[in-house]
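Chemist:
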Ligand code: FAD
Ligand code: SIN
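Numbering (our numbering), first residue to last: 171 to 701.
(1) Taking the beta carbon of residue 301 as the centre, do at least 16 other beta carbons fall within 10 Å, making it buried, or is it exposed?
(2) Hey, would you say residue 176 sits closer than 8 Å to residue 470, going by beta carbons?
(3) Confirm the yes/no value for this check: CB of residue 520, any heavy atom of the ligand SIN, distance under 7 Å.
(4) Are residue 635 and residue 684 closer than 8 Å when you measure CB to CB?
(5) Specify, as a first and last residue, the run of the alpha helix (DSSP H) that residue 190 falls within.
(6) Mind checking residue 663: buried by the 16 CB within 10 Å criterion, or exposed?
(7) Measuring straight from C-alpha to C-alpha, what distance separates residue 298 and residue 344?
(8) List in chain order the residues whose CB is within less than 5 Å of at least one heavy atom of the ligand SIN.
(9) CA-CA distance, residue 612 and residue 196?
(10) Residue 513: buried (16+ other C-beta within 10 angstroms of its C-beta) or exposed?
(11) Quick check on the DSSP output: the beta strand (DSSP E) that includes residue 172 runs from which residue to which?
(12) For the structure I just gave you, are there three or more beta carbon pairs, one from the segment 362-382 and one from the segment 636-655, closer than 8 Å?
(13) Rounded to whole angstroms, what's the CA-CA distance from residue 237 to residue 383? Just pull it up for me.
(14) Between which two residues does the alpha helix (DSSP H) containing residue 299 stretch?
(15) For residue 672, does the count of other Cβ atoms within 10 angstroms reach 16, so buried, or fall short, so exposed?
(16) Should residue 193 and residue 540 be called a contact, given that it needs their Cβ atoms to be closer than 8 Å?
(17) Below 8 Å between beta carbons: does that hold for residue 658 and residue 604?
(18) Alpha carbon to alpha carbon, how far is residue 456 from residue 698? Give it in angstroms, no decimals.
(19) When DSSP labels each residue in this structure, what does residue 519 get in the three-state scheme?
(20) Smallest Cα separation from residue 543: which of 519, 529, 331, 447?
(21) Between residue 323 and the ligand FAD, is there a pair consisting of the residue's CB and a ligand heavy atom that are separated by less than 7 Å?
(22) Can you give me the start and stop residues for the beta strand (DSSP E) that residue 480 sits inside?
(23) I want to check one thing, is the minimum distance from the CB of residue 417 to the heavy atoms of the ligand FAD below 7 Å?
(24) Can you tell me whether residue 637 is buried or exposed? The criterion is at least 16 other CB atoms within 10 Å of its CB, across all chains shown.
(25) So residue 624 and residue 686 are supposed to be a Cβ contact under 8 Å. How far apart are they, rounded?
(26) Decide if the segment 259-278 is in contact with the segment 205-214; the criterion is three or more beta carbon pairs, one per stretch, under 8 Å apart.
(27) DSSP puts residue 524 in a beta bridge; with which residues?
(28) Could you check whether the segment 489-508 touches the segment 450-469, counting it as contact only if at least three pairs of C-beta atoms, one from each stretch, sit closer than 8 Å?
(29) Counting along the chain, where does the beta strand (DSSP E) carrying residue 493 start and finish?
(30) Our contact map puts residue 395 next to residue 327 with C-beta atoms below 8 Å; I'd like the distance itself, whole angstroms only.
(31) According to DSSP, is residue 281 helix, strand or coil?
(32) Within the continuous beta strand (DSSP E) that includes residue 438, where are the two ends?
(33) Once the 5 residues before and after residue 565 are set aside, which same chain residues still bring their CB inside 6 Å of it?
(34) Can you tell me whether residue 536 is helix, strand or coil according to DSSP?
(35) Which of the three DSSP states is assigned to residue 347 in this structure?
(36) Does the beta carbon of residue 390 fall short of 7 Å from some heavy atom of the ligand FAD?
Rendered as structure tokens:
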């Protein structure tokens, strides 16, 4: 099947849907989602979205908090512009129907998370993402200019390469003409020609064995863009969330929001000792990389598999009222957070790098935009400040939409694009080869490319990845394609990028902590006392 559309959006999370709603006033839009539309990382966001709303908070404080968390690698200009656009985008989300909690006087109830010097997190109880995606999807489904294709898997971007031209990463005029999509009904590969394409495909959490990310987070967009020779940066900065629920066997790991530490939760080791004061004077509310390394150190030092988050001293009614999702989840496995400490462990959570985009969210490929977790915008630097990612997604999707609208009339479809050639793809491989390789990959990443790294471990990972890469490419060339094989291939690709970029960074900074290199001058973990 062949289709033509003005705007093609890959992904139905906050980045994709907010972009679609804005551009739909100017043309026909297709949004593809490889699962049911609301199965996104966005849906699982708990803490909320950061924005400066009232004094004593100020743009300057939010800027400084973001720069400090980013450990010297943020683009300050980007940080300033994103922070100052926050309130406008929140107003737009509200206009689209999202509901954020308010206090009795009608002002927004603002939570606090690690690295923030003020309460500035707008939230909807502890299920902010679910509320946002509900509101956006409702709007999208009611919009006659938007077609939502659920269960369709975007396979590859279409560029001059598919017209037989030789393009290299240095080519300065690569163009995107659309996307090849795996159609779940026909099992064939459709061609969608688009004037403008937006990648909003989310993160890469499933490169790791333990992650807070839903199964859709397999780095497809980043991998697709890299194959098309787009610029991709900062992939070494993988954020591990300090506190996912320790519940062996559960996948994805259930998040215990940082807002619970903002509310007064205390981290304790298995002796019941509060330990964060040993690591950072900001204690439980230090930036995430620091809290995660502190927990990792405690676990290694004491030979334990988890630490505890203690909420027993907090006001019990307020606790349940503010965190009903966490209360219910913990209770379902026999933990009453009013009386019991919550066992928690770090889990892969967020990728700070991705497809390089400019201030208008345009990638290095013409007519190709990207927004959300799959991008590198310069906002997060070496470590993302909590709740800045939903903010980044709405700000950059809005800019991308405005820029796309400006350019639309000057772009036409490229009718010379051929359909997908599936000749020679005859194997219908056993799933076991795919699932087993996936397990191997996730174990490699967890063991060697995790919170604490070294060149030895990274090189081990690289050697093993090379083998998985060649075996999987072999399979890919011969197989009738399915989603699982393509996801595996994409995860191997993004893992390779993480490892290569980690090996290239000859310093410890933010989320990239290597035992071989000192911490970046001026950005050592502050106030770290002797252990
Ligand atoms: P997603 O919301 O992940 O959407 C990706 C979309 O792309 C999905 O629809 C998926 O199906 C689609 N897709 C992917 N590949 C393909 C393909 N090949 N073909 C077709 N479709 C494809 N951030 C905050 O700021 N505040 C928080 O409180 C917060 N809490 C979080 C809690 C959890 C448990 C998690 C996992 C993340 C949290 N984050 C939070 C991070 C934040 O939720 C994500 O970074 C953000 O939602 C990403 O949005 P997105 O639109 O870029 O991608
Ligand atoms: C959380 O609620 O702790 C997650 C917030 C985030 O990832 O920004």
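Where is the CB? At the ideal position from N, CA and C, for every residue including glycine. These numbers were taken from a predicted model, which means no experiment stands behind them.
Modeler: Considering the structure as presented:
(1) Here residue 301 is taken as the residue at index 131 of the chain shown, counted from 1. Buried, since its Cβ has 16 or more Cβ neighbours within 10 Å.
(2) Along the chain shown, read from residue 1 onward, the residue named residue 176 stands at position 6. Along the chain shown, read from residue 1 onward, the residue named residue 470 stands at position 300. Cβ distance not < 8 Å, so residue 176 and residue 470 don't count as in contact.
(3) Locating residue 520 in the chain shown gives position 350, where the first residue counts as 1. Answer for residue 520: yes, Cβ within range of the ligand SIN.
(4) Position 465 of the chain shown, counted from the first residue, corresponds to residue 635. Position 514 of the chain shown, counted from the first residue, corresponds to residue 684. No, these two residues do not count as a Cβ contact at 8 Å.
(5) Working through the chain shown from its first residue, we reach residue 190 at position 20. Element bounds for residue 190: 184-193.
(6) Reading the chain shown from its first residue, position 493 is the one you call residue 663. Counting Cβ neighbours within 10 Å, residue 663 comes out buried, since at least 16 surround it.
(7) Walking along the chain shown from the start, residue 298 turns up at place 128. Walking along the chain shown from the start, residue 344 turns up at place 174. Looking at the two C-alpha atoms, the distance is approximately 38 Å.
(8) 216, 217, 427, 428, 556, 557
(9) Position 442 of the chain shown holds residue 612. Position 26 of the chain shown holds residue 196. Straight-line Cα distance between these residues: approximately 42 Å.
(10) If you number the chain shown from 1, residue 513 lands on position 343. Under this definition residue 513 is a buried residue.
(11) As a working mapping, residue 172 is identified with position 2 in the chain shown. Element bounds for residue 172: 172-180.
(12) no
(13) The residue you call residue 237 lines up with position 67 of the chain shown. The residue you call residue 383 lines up with position 213 of the chain shown. About 25 Å.
(14) Locating residue 299 in the chain shown gives position 129, where the first residue counts as 1. Note, residue 299: alpha helix (DSSP H), 298-311.
(15) Position 502 of the chain shown, counting from 1, holds the residue named residue 672. Under this definition residue 672 is a buried residue.
(16) As a working mapping, residue 193 is identified with position 23 in the chain shown. As a working mapping, residue 540 is identified with position 370 in the chain shown. No, Cβ-Cβ distance for residue 193 and residue 540 is not below 8 Å.
(17) Taking the chain shown and counting its residues from 1, one reaches residue 658 at position 488. Taking the chain shown and counting its residues from 1, one reaches residue 604 at position 434. Yes.
(18) The count along the chain shown starts at 1 and reaches residue 698 at position 528. The count along the chain shown starts at 1 and reaches residue 456 at position 286. Note that residue 698 has pLDDT 40, beneath the 50 cutoff, so the model's placement of it is unreliable and the number below is only indicative. Approximately 11 Å, taken between the alpha carbons.
(19) By 1-based counting over the chain shown, the position of residue 519 is 349. Looking at residue 519 - three-state DSSP - the assignment turns out to be strand.
(20) Within the chain shown, residue 543 is the residue found at index 373, counting from 1. For residue 543, the nearest C-alpha among the options comes from 519.
(21) Translated into the one-based positions of the chain shown, residue 323 becomes position 153. True, at least one ligand heavy atom lies under 7 Å from that Cβ.
(22) Locating residue 480 in the chain shown gives position 310, where the first residue counts as 1. Taken as a continuous stretch (DSSP letters only), the beta strand (DSSP E) holding residue 480 covers 477-480.
(23) Position 247 of the chain shown, counted from the start, is the residue given in the question as residue 417. Residue 417: no, Cβ never under 7 Å from the ligand FAD.
(24) Here residue 637 refers to the residue found at position 467 of the chain shown. Exposed, by the Cβ-count rule.
(25) As a working note, residue 624 is residue 454 in the chain shown. As a working note, residue 686 is residue 516 in the chain shown. Between residue 686 and residue 624 the Cβ distance is about 5 Å, and since that is below 8 Å, they are a contact.
(26) no
(27) Here residue 524 refers to the residue found at position 354 when the chain shown is read from its first residue. Partner(s): 403.
(28) no
(29) Position 323 of the chain shown holds residue 493. Here residue 493 belongs to no beta strand (DSSP E), and DSSP marks it neither H nor E.
(30) Your numbering for residue 395 matches position 225 in the chain shown. Your numbering for residue 327 matches position 157 in the chain shown. With a Cβ gap of about 7 Å, residue 395 and residue 327 count as contacting.
(31) Here residue 281 corresponds to residue number 111 of the chain shown, with the count starting at 1. If DSSP states are grouped into helix, strand and coil, residue 281 belongs with the strands.
(32) Translated into positions along the chain shown, residue 438 becomes position 268. Counting along the chain, the beta strand (DSSP E) containing residue 438 begins and ends at 436-438.
(33) The sequence position of residue 565 within the chain shown is 395, counting from 1. 252, 255, 259, listed in sequence order.
(34) Taking the first residue of the chain shown as 1, we reach residue 536 at position 366. DSSP places residue 536 in strand when its eight states are reduced to three.
(35) To locate residue 347, count along the chain shown from 1; it is residue 177. Residue 347: coil per DSSP, three-state reduction.
(36) As a working note, residue 390 is residue 220 in the chain shown. True, at least one ligand heavy atom lies under 7 Å from that Cβ.
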